[in-house]
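Enquirer:
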Amino acid sequence: MLFRFIGSCTKTESQALAPTSILLLGIILYSGFSIPVKFMLGWARWIRRINVVSYAYESLLLNELDGREFSCSQFIPSGPTYESADPFSRVCLGIGAVPGSDTISGTRYLSEAYGFDNSRRWQNLGIVIAFMIIYMAFYLITTEVVAAARSKGEVLVFQRGHGPTTSAKYQSKDLATKPNYSSARELSTIGNQSASIAMSTSVFHWRDLCYDIKIKNEPRRILDQVDGWVKPGTLTALMVCFSLPVPQRY
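In this text, residue positions in the sequence shown follow the numbering used here: the first is 139, and each later residue adds one.
1) What does DSSP give as the partner residues of S243 in its beta bridges?
2) Note down the Cα distance separating K348 from V364, rounded to an integer number of angstroms.
3) Examine the Cβ distances between the region 201 to 210 and the region 168 to 182 and report whether three or more of them are shorter than 8 Å.
4) Do E196 and G234 count as a contact pair if the criterion is CB distance below 8 Å?
5) Under 7 Å from any heavy atom of the ligand SAH, does the C-beta of I188 make it?
6) Taking F276 and F143 to be in contact with their CB atoms under 8 Å, please state how far apart those CB atoms are, rounded to whole angstroms.
7) Go to V266, then tell me how far its alpha helix (DSSP H) extends in each direction, as first and last residue.
8) C147 to S159, Cα distance in whole Å?
9) Between A154 and G145, is the Cβ-Cβ spacing less than 8 Å?
10) Please name the residue in A375, G253, Q261 whose C-alpha comes closest to that of P174.
11) With distances taken from CA atoms, which of D362, E207, N262 is nearest S243?
12) Under the rule that 16 or more other beta-carbon atoms within 10 Å means buried, what is V190, buried or exposed?
13) Based on the DSSP secondary-structure assignment, which residues constitute the bridge partners of P357?
14) Between N355, T280, K369, T372, which has its C-alpha nearest K149's C-alpha?
15) Do you know offhand how far P236's Cα is from S249's?
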């Protein structure tokens, strides 16, 4: 919903990409993974409060690691003489380790490494849902207020029976040069080799067609519920006659 909101505020894709790339970089850096919360600078720590990904990331880690015990693979100090010594004289090599314990608590690891608390697991879920509703409201408002870029109606149209040529005679190493043809017969041969568009056999029909224009800021209807049809392969002209009022002499 956040990126939909940004897209609805802009008129083109290029306008939406610039703020989206900057915002995406801030979301990644201040989610709590790349930069832990305790290492975030004070002037930039507030970004985490408006970053919806940070709340989701905290809840996901709490859901996966809270209440679990992970065995240690390496201790300090290590060596043959320390294995038979007092277990409280060595500690596991990892964040959240306790002297004398062969495991690391997932809850303690999250608390010391990231500052995550299990009491905020479901609270973060509510915050994520609230952000979704807020951004959705902004998105719906901007879609009604901000208008999209108007299309100029520039469409590439090929003449019926002819399409873009893929013949090898049209391919040239120098794009600036154009092929020269000696006769009309050669042009006709190349045109027949090109990809052609199938001729339409259906009848074009319209019913109750109306067309209004403005003359001196006043609406005038020049087509009023016109019915008609066009036969394939023919040219049909629709003529419009204007009737002007005749001035009266007094």
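Ideal Cβ positions, reconstructed from N, Cα and C, are used throughout, including at glycine.
Computed from a prediction, not measured in an experiment: that's the story for all the values here.
Expert: Looking at the coordinates:
1) Along the sequence shown, one-based indexing puts residue 243 at 105. Under DSSP, S243 forms a beta bridge with E207.
2) Taking the sequence shown and counting its residues from 1, one reaches residue 348 at position 210. Taking the sequence shown and counting its residues from 1, one reaches residue 364 at position 226. Per the sequence shown, the amino acid found at residue 348 is Cys instead of Lys. Looking at the two C-alpha atoms, the distance is approximately 7 Å.
3) Not touching, per the Cβ criterion.
4) What you label residue 234 is simply residue 96 of the sequence shown in a count that begins at 1. What you label residue 196 is simply residue 58 of the sequence shown in a count that begins at 1. Contact flag unset, no.
5) The model depicted lacks the ligand SAH and carries no ligand whatsoever.
6) For the purposes of this step, residue 276 is taken as residue 138 along the sequence shown, with counting starting at 1. For the purposes of this step, residue 143 is taken as residue 5 along the sequence shown, with counting starting at 1. With a Cβ gap of about 5 Å, F276 and F143 count as contacting.
7) Within the sequence shown, numbered from 1, the residue matching residue 266 stands at position 128. Note, V266: alpha helix (DSSP H), 259 to 283.
8) For the purposes of this step, residue 147 is identified with residue 9 of the sequence shown, where counting begins at 1. For the purposes of this step, residue 159 is identified with residue 21 of the sequence shown, where counting begins at 1. If you take the alpha carbons of C147 and S159, they lie about 15 Å apart.
9) Within the sequence shown, numbered from 1, the residue matching residue 154 stands at position 16. Within the sequence shown, numbered from 1, the residue matching residue 145 stands at position 7. A contact, by the Cβ cut-off of 8 Å.
10) Numbered from its first residue, the sequence shown carries residue 174 at position 36. It is G253 whose Cα lies nearest to the Cα of P174.
11) Numbered from 1 along the sequence shown, position 105 holds the residue referred to as residue 243. For S243, the nearest C-alpha among the options comes from E207.
12) As a position in the sequence shown, residue 190 is number 52, starting the count at 1. The C-beta of V190 has 16 or more other C-beta atoms within 10 Å across all chains shown, which makes the residue buried.
13) Here residue 357 refers to the residue found at position 219 of the sequence shown. Looking at the DSSP output, P357 sits in a beta bridge with K352.
14) To locate residue 149, count along the sequence shown from 1; it is residue 11. Residue T280 is the option with its Cα nearest to K149.
15) Mapped onto the sequence shown, residue 236 falls at position 98. Mapped onto the sequence shown, residue 249 falls at position 111. First, the amino acid is wrong: residue 236 is Val here, not Pro. If you take the alpha carbons of V236 and S249, they lie about 14 Å apart.
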